[in-house]
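S.K.: Here the protein sequences come in this chain order: A and B.
Under our numbering, the first residue of the first sequence carries the number 79, and numbering increases by one thereafter.
Under our numbering, the first residue of the second sequence carries the number 79, and numbering increases by one thereafter.
If you scroll down you'll find the structure; I have some questions about it.
Protein chains: 2
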Amino acid sequence: MTITIKELAQKCGVSTATISRALNDDPSVTKDTKAKVLAMASQLNYKPNLLARSFVTKKSNIIGLVMPDIYGEFFMEIIHGVDEVCYLNKYYTMVSSSHGKRSTAEAIIDFMSRGIVGGIILMTPAIDDEVRKLLRLNQLPTVVISGKRDYDKCDSISIDNYNGAYSLTDYIINIKKIRKIAHISGPLNNNDAIQRQRGYLNALEDNGITVNKNWLIEGDFTTFGGQAASVKLLKLKERPEVIFAGNDMMAIGCYIAARQLNLKIPTDFGVAGFDDIFASQFLNPRLTTLHVPIYELGKEAATILIKRMNKTEKKEFKHITVPTELVPGGSI
Amino acid sequence: MTITIKELAQKCGVSTATISRALNDDPSVTKDTKAKVLAMASQLNYKPNLLARSFVTKKSNIIGLVMPDIYGEFFMEIIHGVDEVCYLNKYYTMVSSSHGKRSTAEAIIDFMSRGIVGGIILMTPAIDDEVRKLLRLNQLPTVVISGKRDYDKCDSISIDNYNGAYSLTDYIINIKKIRKIAHISGPLNNNDAIQRQRGYLNALEDNGITVNKNWLIEGDFTTFGGQAASVKLLKLKERPEVIFAGNDMMAIGCYIAARQLNLKIPTDFGVAGFDDIFASQFLNPRLTTLHVPIYELGKEAATILIKRMNKTEKKEFKHITVPTELVPGGSI
DNA sequence: TCTTTACATGAAAACGATTACATTAAAATA
DNA sequence: TATTTTAATGTAATCGTTTTCATGTAAAGA
Numbered sequence: 079m080t081i082t083i084k085e086l087a088q089k090c091g092v093s094t095a096t097i098s099r100a101l102n103d104d105p106s107v108t109k110d111t112k113a114k115v116l117a118m119a120s121q122l123n124y125k126p127n128l129l130a131r132s133f134v135t136k137k138s139n140i141i142g143l144v145m146p147d148i149y150g151e152f153f154m155e156i157i158h159g160v161d162e163v164c165y166l167n168k169y170y171t172m173v174s175s176s177h178g179k180r181s182t183a184e185a186i187i188d189f190m191s192r193g194i195v196g197g198i199i200l201m202t203p204a205i206d207d208e209v210r211k212l213l214r215l216n217q218l219p220t221v222v223i224s225g226k227r228d229y230d231k232c233d234s235i236s237i238d239n240y241n242g243a244y245s246l247t248d249y250i251i252n253i254k255k256i257r258k259i260a261h262i263s264g265p266l267n268n269n270d271a272i273q274r275q276r277g278y279l280n281a282l283e284d285n286g287i288t289v290n291k292n293w294l295i296e297g298d299f300t301t302f303g304g305q306a307a308s309v310k311l312l313k314l315k316e317r318p319e320v321i322f323a324g325n326d327m328m329a330i331g332c333y334i335a336a337r338q339l340n341l342k343i344p345t346d347f348g349v350a351g352f353d354d355i356f357a358s359q360f361l362n363p364r365l366t367t368l369h370v371p372i373y374e375l376g377k378e379a380a381t382i383l384i385k386r387m388n389k390t391e392k393k394e395f396k397h398i399t400v401p402t403e404l405v406p407g408g409s410i
Numbered sequence: 079m080t081i082t083i084k085e086l087a088q089k090c091g092v093s094t095a096t097i098s099r100a101l102n103d104d105p106s107v108t109k110d111t112k113a114k115v116l117a118m119a120s121q122l123n124y125k126p127n128l129l130a131r132s133f134v135t136k137k138s139n140i141i142g143l144v145m146p147d148i149y150g151e152f153f154m155e156i157i158h159g160v161d162e163v164c165y166l167n168k169y170y171t172m173v174s175s176s177h178g179k180r181s182t183a184e185a186i187i188d189f190m191s192r193g194i195v196g197g198i199i200l201m202t203p204a205i206d207d208e209v210r211k212l213l214r215l216n217q218l219p220t221v222v223i224s225g226k227r228d229y230d231k232c233d234s235i236s237i238d239n240y241n242g243a244y245s246l247t248d249y250i251i252n253i254k255k256i257r258k259i260a261h262i263s264g265p266l267n268n269n270d271a272i273q274r275q276r277g278y279l280n281a282l283e284d285n286g287i288t289v290n291k292n293w294l295i296e297g298d299f300t301t302f303g304g305q306a307a308s309v310k311l312l313k314l315k316e317r318p319e320v321i322f323a324g325n326d327m328m329a330i331g332c333y334i335a336a337r338q339l340n341l342k343i344p345t346d347f348g349v350a351g352f353d354d355i356f357a358s359q360f361l362n363p364r365l366t367t368l369h370v371p372i373y374e375l376g377k378e379a380a381t382i383l384i385k386r387m388n389k390t391e392k393k394e395f396k397h398i399t400v401p402t403e404l405v406p407g408g409s410i
């Protein structure tokens with residue numbers, strides 16, 4: 079039995095307007111009235127109906143989190159970070175994925191046009207034209223989390239895929255003194271994948287290494303894809319000494335391939351990954367990879383968005399690039 | 079620029095009532111009008127404001143998912159399952175955790191009293207008195223996902239922890255012919271932990287094995303706790319031949335302990351877990367554990383809840399127990 | 001042809017909050 | 001003391017949708 083503002087007003091002997099003002103800390107209401115209202119409100123357990131409030135103010139303190147798929151560690155960490163910040167600011171988190179069945183655009187439209195959410199965090203591997211168009215005529219504050227900074231009409235956060243991949247490749251070449259490095263990239267319609275591959279290629283070039291075309295394979299970011307690509311690489315006449323997988327999932331595929339072909343890591347060949355997912359630390363030997371601070375990324379996105387929703391942020395859009403961190407394991 | 083029902087009504091030359099009826103498939107509106115309205119609605123890209131609708135109907139197609147903490151695979155799989163079903167039924171998923179800072183009860187109250195959500199999925203390791211009281215005077219449809227069926231005034235789904243643990247212990251005794259089995263339980267204020275321990279103990283008893291008190295340790299469901307407990311067990315004068323960890327995270331701790339003490343799994347000692355988390359399949363050797371269909375559990379919970387919210391479910395509350403499945407690995 | 005019934009649509013209230021504007025009472029000024 | 005200013009509160013409109021009740025028109029029955 080939830081109580082409404084009218085009933086509370088009656089109990090307090092004041093009008094609903096005064097109640098509303100008292101609860102929203104309006105300076106025009108006296109200390110005494112405010113105290114009386116607050117006391118009665120807490121006694122009767124009154125909580126303003128958020129639906130009604132959002133409806134009339136045209137503002138919603140619900141954040142819509144749009145992701146390609148609600149699955150895997152990456153998404154969990156993002157949700158975790160977003161939810162944490164939302165909670166601290168009395169905001170709510172609503173999740174939505176495109177479920178492989180609809181486009182990201184549809185998911186966004188749904189949120190934008192229905193008045194439920196007051197802001198959007200959009201996580202996407204790449205911004206296509208449809209989404210770009212939507213964002214342009216979008217009235218809702220939005221923060222984009224992406225593999226690359228490729229849209230600047232709203233706040234954005236991206237992972238420094240390029241420098242991460244570059245530094246890891248450079249580490250293999252100059253610290254580990256290994257020059258025969260293969261790369262299994264992610265799908266090349268994915269910006270994370272593209273930037274990581276670019277980092278790898280440029281590091282090779284800068285160190286005067288010509289790319290062996292057979293050692294550059296396009297994978298799909300899955301364990302199975304990584305395994306297949308690894309087997310292909312390891313059966314070549316000229317075998318690479320290290321396989322740099324575009325993400326940890328594919329790196330795990332390398333481990334499986336090693337077992338399958340009865341090869342030892344790192345003695346027979348080395349493996350490197352990208353992401354530093356939870357499972358990586360339990361691989362034997364521990365995977366050498368790049369840590370991506372995903373949880374912090376989610377927190378940052380939510381923080382920026384909430385400021386924007388509160389209009390406490392200045393007009394210019396923020397574009398943040400978060401660095402990755404090398405995690406040396408025993409796999410190289 | 080979202081369009082409202084009034085503007086749409088004007089464009090169509092009918093009243094807002096007719097629009098509403100046409101869009102909600104009311105039988106009293108003629109085919110022709112309905113067609114006209116639908117055509118115009120899709121042309122103008124009209125989508126009813128869900129806030130306004132929920133506000134007036136006092137029904138919300140938003141599901142509140144309350145969990146102790148939004149972290150780890152378990153929660154991700156639940157969210158994944160819930161979101162999937164929500165999407166298919168045009169429902170929305172709102173997540174909320176107690177963030178270690180507030181009680182589950184507060185999270186529920188927040189959802190119940192603010193009118194945002196129309197139903198609740200409550201995931202909790204144990205229902206305390208406060209929550210029990212809340213559920214009793216709760217008007218919102220609720221589905222409880224718990225480690226044990228311990229509240230029957232609403233729909234509930236629980237994992238068959240007891241039989242899972244029993245069957246795994248029995249498997250170790252009668253198939254693997256090992257009788258020296260230790261158990262690292264989860265925290266004993268957690269129903270999952272309690273039921274799993276009970277399954278282990280009863281299986282021992284039924285096979286005529288007396289429990290060695292030193293081999294029964296209360297852990298905390300974390301990797302680190304599992305490691306510490308394992309080290310303790312492995313340093314005993316009389317060492318167990320198999321350590322049955324209350325969950326996979328602690329089982330991973332056993333692997334770490336093995337490396338630390340320079341012992342080999344399964345030759346020096348065996349390990350078993352519970353949950354079949356993602357990382358378990360990549361442990362070397364693969365962990366013997368019990369698969370818990372968490373994703374399906376989330377889907378089931380959402381399905382029941384939505385039926386309840388639509389009032390298409392009959393009065394009696396459902397109580398479902400989902401079985402676990404033995405996953406034999408190489409760790410025993 | 002006139003009355004009754006059924007059917008399609010419209011007018012208007014309702015939901016619970018916020019807020020612009022009006023009102024009253026008290027304080028400040030002349 | 002009379003008038004103006006200010007401060008606190010109340011009145012009522014508003015948001016976008018659904019829904020009850022009223023209304024008008026066409027079909028059915030007498």
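No residue lacks a Cβ here, since even glycine has one placed at the ideal position from N, Cα and C.
Predicted, not measured: the structure shown is a model, and the values here were computed from it.
Is the shortest distance between the beta-carbon of Thr172 of chain B and the beta-carbons of chain A less than 7 Å?
M.R.: Rather than Thr, the amino acid found at residue 172 of chain B in this sequence is Met. Yes, Met172 of chain B counts as interfacial toward chain A.
S.K.: Give the secondary structure of His43 of chain A by DSSP, where H, G and I count as helix, E and B as strand, and everything else as coil.
M.R.: Since the first residue of chain A shown is 79 and the last is 410, residue 43 of chain A is not available in this structure.
S.K.: Just how far apart, CA to CA, sit Phe395 of chain A and Pro265 of chain A?
M.R.: About 29 Å.
S.K.: Could you tell me which of B:Val209, B:Pro203, B:Leu166 and B:Ile199 sits nearest to Pro219 of chain B, measuring between CA atoms?
M.R.: The shortest Cα separation from Pro219 of chain B among B:Val209, B:Pro203, B:Leu166 and B:Ile199 belongs to B:Ile199.
S.K.: With a threshold of 16 other CB atoms inside 10 Å of the CB of Lys393 of chain A, please say whether the residue is buried or exposed.
M.R.: Exposed, since its Cβ has fewer than 16 Cβ neighbours within 10 Å.
S.K.: Between the Cα of Thr171 of chain A and the Cα atoms of A:Ile330, A:Val160, A:Tyr124 and A:Ala323, which residue gives the shortest distance?
M.R.: Checking every option, the nearest Cα to that of Thr171 of chain A belongs to A:Val160.
S.K.: In chain order, what residues of the stretch 142-168 of chain A put their CB closer than 8 Å to some CB of chain B?
M.R.: Listed in sequence order: Ile148, Tyr149, Gly150, Glu151, Phe153, Met154, Ile157, His158, Asp161, Glu162 and Tyr165.
S.K.: Do His261 of chain A and Phe322 of chain A come within 7 Å of each other at the CB atom, strictly closer than that value?
M.R.: Yes, they are a contact pair.
S.K.: Which residues does DSSP pair with Phe322 of chain B in a beta bridge?
M.R.: Per DSSP, B:His261 and B:Ala350.
S.K.: Roughly how many whole angstroms lie between the Cα atoms of Ile355 of chain A and Leu314 of chain B?
M.R.: Approximately 34 Å, taken between the alpha carbons.
S.K.: Sort out for me which residues DSSP pairs Gly197 of chain A with in a bridge.
M.R.: Per DSSP, A:Ile141.
S.K.: Report the option in A:Ser191, A:Arg227, A:Asp238 and A:Ile259 whose CA atom is closest to the CA atom of Asn292 of chain A.
M.R.: Selected option, being the one with the closest Cα: A:Ile259.
S.K.: Asp238 of chain A and Val221 of chain A - do their beta-carbons sit closer together than 7 Å?
M.R.: Their beta carbons are not under 7 Å apart, which means Val221 of chain A does not touch Asp238 of chain A by this criterion.
S.K.: Would you mind telling me which residues of chain B sit closer than 8 Å to Ser33 of chain A, beta carbon to beta carbon, in chain order?
M.R.: This structure gives no information on residue 33 of chain A, because the portion of chain A shown stretches from 79 to 410.
S.K.: Helix, strand or coil for Thr381 of chain A? Go by DSSP, reduced to three states.
M.R.: Helix at Thr381 of chain A.
S.K.: Along the stretch 346-370 of chain A, where does the CB come closer than 8 Å to a CB of chain B? Name the residues.
M.R.: Residues Phe356, Ala357, Phe360, Leu361 and Asn362.
S.K.: By the criterion of Cβ-Cβ separation under 8 Å, what are the contact partners of Ser308 of chain B in chain A?
M.R.: Near Ser308 of chain B there are no residues of chain A at all, since even the closest Cβ is about 14 Å away, more than 8 Å.
S.K.: State the DSSP-derived secondary structure class of Leu365 of chain B, mapped to helix, strand or coil.
M.R.: Residue state, collapsed to three classes: coil.
S.K.: For a contact defined as C-beta to C-beta under 7 Å, what are the partners of Phe133 of chain A on chain B?
M.R.: What Phe133 of chain A touches in chain B: Leu129, Ala130 and Phe133.
S.K.: Just list the alpha helix (DSSP H) runs in the stretch 241-321 of chain B, keeping only unbroken ones of 4 residues or longer that don't cross its boundaries, in chain order.
M.R.: Correct list: 269-284 and 301-312.
S.K.: Run down chain A in chain order and give the residues with a C-beta less than 9 Å from the C-beta of Ser181 of chain B.
M.R.: What Ser181 of chain B touches in chain A: nothing, since even the nearest Cβ is about 13 Å away.
S.K.: Gln273 of chain B to Asn267 of chain B, Cα distance in whole Å?
M.R.: Roughly 11 Å between the two C-alpha positions.
S.K.: Any idea which residues DSSP pairs Asp233 of chain A with across the strands?
M.R.: Partner(s): A:Val221.
S.K.: Which of the residues in the stretch 240-265 of chain A, read from start to end, lie with their CB under 8 Å from any CB of chain B?
M.R.: If the cut-off is 8 Å between Cβ atoms, the stretch 240-265 of chain A has nothing near chain B.
S.K.: Going along chain B in order, which residues have a C-beta closer than 9 Å to the C-beta of Ser175 of chain A?
M.R.: Here the neighbours are His158, Asp161, Glu162 and Tyr165.
S.K.: For Thr399 of chain A, collect the residues of the same chain with a Cβ closer than 6 Å to its Cβ; drop the 5 residues on either side in sequence, then sort them by chain order.
M.R.: Cβ within range, chain order: Ser236 and Asp238.
S.K.: With contact counted as at least three CB pairs below 8 Å, one residue from each stretch, are the stretch 175-186 of chain A and the stretch 114-122 of chain B in contact?
M.R.: No: the two stretches stay apart, fewer than three of their Cβ pairs being nearer than 8 Å.
S.K.: Is DSSP giving Val209 of chain B helix, strand or coil here?
M.R.: Helix.
S.K.: At a cut-off of 6 Å, would you count Val405 of chain B as near the ligand PLP, judging by its Cβ distance to the nearest heavy atom?
M.R.: Inclusion of the ligand PLP in the displayed structure is not the case, the ligand content being empty and no account of it being possible.
S.K.: Distance check for Glu296 of chain A and Ile251 of chain A, CA to CA, integer angstroms please.
M.R.: Cα-Cα distance, rounded: 22 Å.
S.K.: If you draw a straight line from the alpha carbon of Asn340 of chain B to that of Ile334 of chain B, how long is it in whole angstroms?
M.R.: Approximately 10 Å, taken between the alpha carbons.
S.K.: What residue from A:Ala183, A:Phe133 and A:Arg214 has the CA that sits closest to Gly193 of chain A's CA?
M.R.: Ranking A:Ala183, A:Phe133 and A:Arg214 by Cα distance to Gly193 of chain A puts A:Phe133 first.
S.K.: Could you tell me which chain A residues have their CB closer than 9 Å to the CB of Ile83 of chain B, listed as they occur along the chain?
M.R.: Going along chain A, no residue has its Cβ under 9 Å from Ile83 of chain B, so there is no contact; the nearest lies around 12 Å.
S.K.: Any beta carbon of chain B sitting closer than 7 Å to that of Pro186 of chain A?
M.R.: According to the sequence provided, residue 186 of chain A is Ile. The question's Pro does not apply to it. No, Ile186 of chain A does not count as interfacial toward chain B.
S.K.: State buried or exposed for Ile97 of chain B, treating a residue as buried only when at least 16 other CB atoms are found within 10 Å of its CB.
M.R.: Buried, because 16 or more other Cβ atoms sit within 10 Å of the Cβ of Ile97 of chain B.
S.K.: Give every residue of the same chain whose Cβ lies closer than 7 Å to the Cβ of Leu128 of chain B, excluding the five residues on either side of it in the sequence, and list them in chain order.
M.R.: None.
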